[in-house]
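**Q** For the sequence shown, this note's numbering begins at 49 and goes up steadily by one.
Positions of the beta carbon are idealized from the N, C-alpha and C atoms, including for glycine.
A quick note: this is a predicted structure, and the numbers were derived from the prediction, not measured.
Handing you a structure now.
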Amino acid sequence: MAETDIETSGKAPDDLAPSVLVGEIERTRADLARTIDEIADRVSPRNVARRTLDQAVDRVSQVDPLIGGAIALAAVSVTCYVIWRKLRK
Numbered sequence: 049m050a051e052t053d054i055e056t057s058g059k060a061p062d063d064l065a066p067s068v069l070v071g072e073i074e075r076t077r078a079d080l081a082r083t084i085d086e087i088a089d090r091v092s093p094r095n096v097a098r099r100t101l102d103q104a105v106d107r108v109s110q111v112d113p114l115i116g117g118a119i120a121l122a123a124v125s126v127t128c129y130v131i132w133r134k135l136r137k
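Below is the structure:
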């Protein structure tokens with residue numbers, strides 16, 4: 049069989065007591081669990097929607113009120129025109 053070199057935290061193979069290895073495995077497992085939780089939190093549909101809404105609110109709050117009002121008026125006008133055209137037919 050081929051020999052394998054174990055390298056963990058830069059320690060020599062003589063210093064790798066089973067308790068040290070178990071400790072490193074547990075730390076690695078905890079880090080992995082934390083990373084998976086963070087990824088799950090980032091891709092959660094509820095959190096994605098919340099972040100998107102927060103970004104939209106931030107962008108709207110930065111718009112000049114006159115420009116925002118004009119855009120809202122234009123959107124309402126176009127909507128009313130489209131509805132009027134459909135009812136007229």
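#1: So, under 8 angstroms CB-CB, asparagine 95 and aspartate 89 are touching, yes? Tell me the CB distance rounded to an integer number of Å.
#2: With a threshold of 8 angstroms on Cβ separation, who are the neighbours of leucine 80 within its own chain once the five nearest residues in sequence on each side are excluded?
#3: Grouping DSSP H, G and I as helix and E and B as strand, with all else coil, what is leucine 114?
#4: Throw me the rounded Cβ distance for the valine 126 and glycine 116 pair, which I believe falls under 8 angstroms.
#5: What is the DSSP secondary structure of serine 92, counted as helix, strand or coil?
#6: Can you tell me whether leucine 101 is helix, strand or coil according to DSSP?
**A** So, to answer that:
#1: 6 angstroms
#2: none
#3: helix
#4: Not really, about 16 angstroms apart at Cβ, beyond 8 angstroms.
#5: coil
#6: helix
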